[in-house]
Structure formats: structure tokens, C-alpha cells
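S.K.:
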Amino acid sequence: MTVAKLYGGNQAAWAAFDPITVMTRHGRYTGLSGWFDVPGSGDAHSLAEQGNPTLAGSDPNANPEGQDAAARALCAAATANGISCAVVTQPGKHDWPFAAEAFTAALPWLAGTLGTPSVEPVPLPHGG
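Residue numbers (the numbering used here): 5 to 132.
This is how it looks when you write it as C-alpha cells:
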């Protein structure tokens, strides 16, 4: 339905913006990393370290739109194309309080990754 509404049914137009298609077409990336934060319980997961990645604590009530599945798929595609990434779970549901916690958790990593002066690099959770 998204392709029909946003792209008039044009699959090629959608593919030009679909992140998995874009990463796959681009090929191997260097020097990139990503942090995906989803509602749930459990620890952070680096898909690069898992043979068959799953997300601990997937909660369909907190996460009815399936952001966890989307994050796993995006992180798996990213990892396959040389992008280090982690899927991190935070308690809560997909709302502004959750976003505040997610930003708080990710900011030290992001600041270090971007080379913020006087900020030491922090690895992605679980080795990312």
C-alpha cells in the first residue's frame, strides 16, 4: 500500500529510496556504522556477532508496527555491506519518552563516532 500511495505504484521509484535496495546496489561501505533502537526488553545485539540474529524481548504490545523486524532486516543488510551496526532494545513503546531514552543511550556513541572534541570513541553495544 505504501508503494501505491507514495510512488503511484512505481516499484522502481520506491526502490530508489528503499534502504535495503540502496545498500545492496551500492555494495560494500567503509567507515560507516549504525544504531537501531527498538522497544522491548533485553540487551543490545550486534547482528555481526550472531549467526541467526534474533532480538531478545520483542514485545508486540510495545512494538505493534514491527520496528524490531525492520531494524533487524536493516542491520542485517547493513552488516552484509560492511556497515557495523547494533540493534538495541529499550523498555517502553514507540513514543517520545522512548525516544528520549534511546537518544540518551546512543548519544555517547554518536558523539564519539562523529569525532566530537574531547569525547572518546565508544564502541557499539556488544562489539558492534
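Note that the Cβ used here is the ideal one computed from N, Cα and C, for glycine as well.
Between 92, 14 and 43, which has its C-alpha nearest residue 69's C-alpha?
M.R.: The shortest C-alpha separation from residue 69 is found at 43.
S.K.: Of all the beta strand (DSSP E) runs that stay within the bounds of the segment 71-132, which reach a length of 3 or more residues?
M.R.: Taking only runs of at least 3 residues, the beta strand (DSSP E) segments lying wholly in the segment 71-132 are 88-94.
S.K.: Alpha carbon to alpha carbon, how far is residue 115 from residue 124? Give it in angstroms, no decimals.
M.R.: Cα-Cα distance, rounded: 8 Å.
S.K.: Hey, could you find the ends of the beta strand (DSSP E) residue 40 is sitting in?
M.R.: First-last of the beta strand (DSSP E) with residue 40: 37-43.
S.K.: Rounded to a whole number of angstroms, what is the C-alpha to C-alpha distance between residue 113 and residue 120?
M.R.: Their Cα atoms are separated by approximately 10 Å.
S.K.: Alpha carbon to alpha carbon, how far is residue 38 from residue 82?
M.R.: When rounded, the distance between both Cα atoms is 8 Å.
S.K.: Can you name the start and end residues of the alpha helix (DSSP H) that residue 33 belongs to?
M.R.: Taken as a continuous stretch (DSSP letters only), residue 33 belongs to no alpha helix (DSSP H), as it is neither H nor E.
S.K.: Given a cut-off of 8 Å, decide if residue 85 and residue 31 are closer than it, judged by their beta-carbon atoms.
M.R.: Against a cut-off of 8 Å, the Cβ pair of residue 85 and residue 31 comes out as a contact.
S.K.: Would you mind sorting residue 99 into buried or exposed? The rule is 16 or more other CB atoms within 10 Å of its CB.
M.R.: Exposed.
S.K.: Within this structure, are the beta carbons of residue 40 and residue 89 separated by less than 8 Å?
M.R.: A contact, by the Cβ cut-off of 8 Å.
S.K.: Counting C-beta neighbours from all protein chains within 10 Å, is the total for residue 75 16 or more, i.e. buried, or is it exposed?
M.R.: Looking at its Cβ environment, which holds 16 or more other Cβ atoms inside 10 Å, residue 75 is buried.
S.K.: Closer than 7 Å by C-beta to residue 117: which residues in its own chain qualify, once you throw out the five before and the five after it? Chain order, please.
M.R.: Cβ within range, chain order: 37 and 125.
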